[in-house]
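So the structure is just underneath, and the comments pick up after that.
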DNA sequence: AACAACCTCAACCGCATCAGA
DNA sequence: GTCTGATGCGGTTGAGGTTGT
């Protein structure tokens, strides 16, 4: 899809922006096959694509990468996202790392369009707020709670009252001990 | 059928962090 | 230690599709 904003933006190096074509996808995939999904500046240069490295990386990560799951989220996946979001907040890449085949962008979009609303509906019912009233509490565009109407989101409360997630554990690697802790946390949520 | 309002999601932007010189 | 380019991440945008009136 072509974006007006991108078309209007002055082209610094006449780079292509906007929606990717099938031909661009093919060129990018070929370049990655040769060079591997690293060194994006090299890939960009060798592919002959008139795109910036950042754009190529994003396209690969969110669309062209093998084993990407497309289509609806399963109930299990949805449940996992909700729990991980409660635990980690908006750390989409970390959440995506626990959902094989899902991208951070996809999870972020899914959260903003589906789950944040569900969350507020649930919380609204508990707090005695009708679904209609929730409309004014939730930002129409993002589905997030309006800052003016509430001081903090659910996960922030958890972080403030219990511990600092950043300090408490590091999800940047795949250590089995870390996974074990998270698994225990999630099992605890089931009980 | 026509229009408006709302929703979805691919893509971009700005910033932070990392790595090498 | 610091500079610079590359990479990664989260927030945001907006075109196109869908649903409601």
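In UniProt numbering, the protein residues as written are 1 to 191.
For every residue, glycine included, the Cβ atom is placed at its ideal position computed from N, Cα and C.
Please read all numbers here as calculations on a predicted model, not as lab measurements.
- For residue 29 against residue 43, the beta-carbon gap comes to about 10 Å, at or over 8 Å, which does not count as contact.
- Here the region 73–92 makes contact with the region 108–116; the two share three or more CB pairs at distances below 8 Å.
- Collapsing the DSSP output to three states places residue 54 in a helix.
- Counting every other CB atom within 10 Å of its CB across the protein chains shown gives residue 74 a total below 16, marking it as exposed.
- Annotated three-state conformation of residue 91 is coil, per DSSP.
- Counting only residues of its own chain and dropping the five nearest sequence neighbours on each side, residue 98 has a CB closer than 7 Å to the CB of 80 and 84.
- Below 8 Å, enough C-beta pairs join the region 100–110 and the region 57–66 to call them touching: three or more.
- In the displayed model, residue 68 falls within coil according to three-state DSSP, outside both helix and strand.
- When the Cα atoms are used, residue 24 and residue 54 turn out to be separated by approximately 14 Å.
- Our two residues, residue 47 and residue 35, have alpha carbons roughly 10 Å apart in a direct line.
- Rounded to whole angstroms, residue 82 and residue 88 show a C-alpha spacing of 10 Å.
- Across the structure, residue 40 and residue 68 are spaced so that their CA atoms are roughly 20 Å apart.
- Inclusion of residue 58 and residue 16 in the CB contact set at 9 Å is not warranted, their separation being larger than that value.
- Using a 10 angstroms sphere on the CB of residue 38, the tally of other CB atoms stays under 16, which defines it as exposed.
- When the five nearest sequence neighbours on each side are left out, the beta carbons in the same chain lying within less than 8 Å of the beta carbon of residue 27 are those of 47, 48 and 49, in order along the chain.
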